[in-house]
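In our numbering, the protein residues as written are -19 to 151. Glycine residues also receive a C-beta, built at the ideal position from the N, C-alpha and C atoms. Structure record follows, encoded as structure tokens.
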């Protein structure tokens, strides 16, 4: 876990979220959501996958092979599945959704936790058009993923979407 956090800090060094907070807070929150929602025993590989879920997208010097060497194939495969845009490939939204749907349940739950954290973070975003587009994509693509993993979490996400729409004057 410490190695994963250290790698994530290195890969996200200097990055900030839209609200100005250090980016590393996001993967930590995603891992925290995952720990709270995963129904069975949690493995170190699952926690590492949650913490590292954005490193291939955000660190163009990092490769899949590096993750295999440092964390093993389970973590590397999970992080790759969670990455739609890396130095090696870019997936369309539908290709990405299909990749997530084909992934193991813990990977799908990490993706939903990622989306939930992003939605909760958008509450402070002043760009209502950006928020609207993000919510539309979430409703279009993530409902089926949520139904395949955790209906209760999907309900939490849908409630957060409705609350954000109201906050933005669209609800």
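Check                                                                                                : Outcome
Under the three-state DSSP convention, the category residue 34 falls into                            : coil
Euclidean distance between Cα positions of residue 19 and residue 120                                : 26 Å
Extent of the continuous alpha helix (DSSP H) run through residue 137                                : 131 to 147
Residue 90 beta carbon less than 9 Å from that of residue 118                                        : no
Proximity below 9 Å, CB of residue -13 to CB of residue 35                                           : yes
CA-to-CA distance, residue 132 to residue 113, given in whole angstroms                              : 24 Å
Span of the alpha helix (DSSP H), counted from its first residue to its last, around residue 4       : Here residue 4 belongs to no alpha helix (DSSP H), and DSSP marks it neither H nor E.
Supposed contact pair residue 51 and residue 30 - C-beta distance, whole angstroms, cut 8 Å          : Their Cβ separation, rounded to whole angstroms, is 12 Å, which puts residue 30 and residue 51 out of contact at 8 Å.
Per-residue burial, residue 69 [other beta carbons within 10 Å of its own, 16 or more giving buried] : exposed
Residue 65 in three-state terms, based on DSSP                                                       : strand
Reduced DSSP secondary structure (H/G/I, E/B, other) of residue 87                                   : helix
Residue burial classification, residue 140 (beta-carbon count within 10 angstroms, cutoff 16)        : buried
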